[in-house]
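Residues in the sequence shown are numbered from 77 upward in steps of one, following my numbering.
C-beta atoms are modelled at their ideal positions from N, C-alpha and C, and glycine is treated no differently.
Note that the structure is predicted; figures quoted are calculated from it, not measured.
As structure tokens, the structure follows; a few thoughts come after it.
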Amino acid sequence: MAWSYRKRIKVIPGVHLNFSKRGISTTIGIKGASINFSQSGTTLNTNVLGFSTRHRLSGSQSGSRPNPSLSHPESPVNHPYFFDENIFSADIHEITSQNMQGIKEAIILAQQQKKDLTSDLRKITRTLSATKAKKILSYVLLYGLIKKEIPQNSDRDIKAQQEAIRQTKEMIEKCYVNLEIDFDIEIKRKFEKIYESFKRLSTCHKIWDITSAHFQDRVAMRSSASTIVNRREVNFALRAIPYIKSDYQALYMKNANGADIYIYPTFIVMYTNENNFAIIGINELNFQHTYTRFTETSTVPRDSKIIGQTWAKVNKNGTRDKRFKSNYQIPVVRYGNIRLSTQTGLREEYEFSNYELTEEFGNAFKAFQSEFRS
């Protein structure tokens with residue numbers, strides 16, 4: 077089997093992503109002692125004087141757990157929604173994939189390093205200010221003119237402290253996880269197709285986060301719609317997360333009722349802030365795209381297609397209920413729909429005013445994702 081990435085990707089010193097036929101895993105450590113996070117569990121590996129040991133810390137003893145079968149409908153369906161009162165993901169601390177735990181630890185480490193260095197920078201800056209004040213005071217009180225070594229020592233200390241500030245700032249700038257990913261030509265083409273189609277998708281006149289969906293009795297409500305949804309308008313964009321650097325910005329999906337979604341080439345980040353985030357392997361994502369026939373009672377977006385008409389009140393067979401004198405026509409439009417879910421608890425759904433752009437992005441994403449499931 078030919079992988080489309082390096083078999084080992086350096087994230088930061090001591091942290092690597094590994095690719096194999098069993099899937100993606102993360103290794104933290106140095107030569108001779110390392111911890112590996114994979115779908116099958118966590119393993120400690122040591123090598124002392126040529127003797128190798130492998131000790132399982134957690135997970136199944138029988139090897140990797142097979143990927144669940146994922147449903148990707150080949151043809152659109154009319155009712156794509158999650159049928160629950162509310163649609164939202166699990167607690168952010170429960171969503172991280174086992175094999176992505178190492179990457180999460182690397183990001184936490186980068187955050188802590190930056191906090192520590194920032195604290196050091198403040199201390200050095202205060203010390204520099206005190207040294208400068210001491211030098212000025214020595215001249216004001218004249219003893220600096222008598223003892224020349226006092227201002228000379230202050231100058232030496234100021235120079236050293238300024239250099240320490242410069243070096244600390246440089247170190248702070250390097251506190252991030254760096255994704256050094258090499259694409260082969262074909263996979264690079266597939267990912268760039270995702271990238272470009274996502275940029276077009278983000279230009280949809282309307283993008284909604286579906287926050288709840290439930291059935292309604294059409295006969296009792298005299299309605300042509302069998303599903304009632306609550307939706308909130310959101311935006312998509314290209315955006316980076318602090319502490320992660322990559323050749324590509326993440327595909328950013330605003331989440332109206334939870335952590336926002338950032339899609340990178342090899343994993344997905346559910347991000348609220350630097351203390352609350354989860355990481356999911358892209359191969360674990362159940363991605364579905366389809367369309368929905370939506371009875372639009374609000375203004376029809378300018379890039380949507382009207383595919384039919386219905387009435388505010390209808391008979392069982394869908395015809396106009398003439399008992400209501402103020403009965404009026406309502407347009408039926410075709411919207412795009414994307415549903416994201418994982419076994420660890422990711423559960424989000426979006427609707428788009430432009431179905432064609434939704435289909436273009438969906439096909440591009442599935443073609444790229446299939447490389448992880450070959």
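Query	Result
Inter-stretch contact at 8 angstroms, needing at least 3 Cβ pairs: the segment 393-405 / the segment 343-357	no
Completely contained alpha helix (DSSP H) runs for the segment 272-340, where each covers 4 or more residues	294-297
Environment of H365 [buried if 16+ CB atoms lie within 10 Å]	buried
Nonlocal neighbours in the same chain, by C-beta distance under 6 angstroms from F437, ignoring five residues either side	S273, F274 and L277
Given E447 as reference, the closest of R265, K180 and L416 once Cα atoms are compared	R265
Start and end residues, alpha helix (DSSP H) containing K392	Note, K392: premise wrong, no alpha helix (DSSP H); not H, not E.
Length of the line joining the Cα atoms of Q445 and Q237	50 angstroms
Close beta carbons around H148, own chain, < 7 angstroms, minus the five adjacent residues each side	Only weak support exists for where H148 lies, its pLDDT of 33 falling under 50; the value from the coordinates is given anyway. Result list for H148: Q364 and K442, in chain order.
For V409 and E372, believed in contact at Cβ under 8 angstroms, the rounded distance	5 angstroms
Exposure of S393, with buried meaning 16 or more beta-carbon neighbours within 10 Å	The sequence given here places Asn at residue 393; Ser does not occur at that position. Flag for N393 reads exposed.
Among L422, F428 and L255, nearest to D379 - alpha-carbon criterion	F428
Cut-off 8 angstroms between Cβ atoms - residues of its own chain near T418, not counting five sequence neighbours on either side	I171, S173, I356, E360, L361 and N362
Reduced DSSP category for S417 - H, G, I as helix; E, B as strand; rest coil	strand
Under the three-state DSSP convention, the category F441 falls into	helix
Straight-line gap, N331 to L185 (C-alpha atoms, nearest Å)	26 angstroms
Within 8 angstroms, strictly: CB atoms of M329 and I337	yes
Bridge partners - H494, DSSP secondary structure assignment	The displayed coordinates of the chain run from 77 to 450. Any statement about residue 494 would go beyond what the structure contains.
Exposed unless 16 or more other CB atoms sit within 10 angstroms - verdict on I261	exposed
Distance, T342 Cα to N306 Cα	32 angstroms
Proximity of D233 and T201 at Cβ, strictly below 8 angstroms	no
Beta bridge counterpart(s) of E427 as assigned by DSSP	W284 and N413
The alpha helix (DSSP H) enclosing N171, as first and last residue numbers	Checking the displayed sequence, the identity of residue 171 turns out to be Ile instead of Asn. That run of the alpha helix (DSSP H) goes I168 to I171.
Sheet register partners of A354 (DSSP bridge)	M346
Endpoints, the beta strand (DSSP E) within which Q385 is located	K381 to W387
Beta-carbon separation (whole angstroms), N162 vs S288, contact threshold 8 angstroms	5 angstroms
Three-state secondary structure (DSSP) of T371	strand
Cβ pair Y319, Q187 closer than 8 angstroms	yes
Of the residues R369, K389 and E424, the one placed nearest N333, counting alpha carbons only	E424
Reference S402, options G384, K389, Y411 and G412, closest by Cα	K389
Same chain only: Cβ atoms within 8 angstroms of Q385, ignoring 5 sequence neighbours per side	Q405, I406, P407 and V408
R315, buried or exposed, once every other Cβ within 10 Å from all chains shown has been counted against 16	exposed
Local conformation of N254 per DSSP, three classes	strand
Residues that DSSP places opposite I452 in a beta bridge	For the chain, the structure presents residues 77 to 450; residue 452 sits outside this window and is missing.
Identity of the residue in K191, K381 and S165 nearest K250 by Cα	K191
Counted within 10 angstroms of its Cβ, other Cβ atoms place K199 as buried (16 or more) or exposed	exposed
Same chain only: Cβ atoms within 6 angstroms of A440, ignoring 5 sequence neighbours per side	K269, I270 and S273
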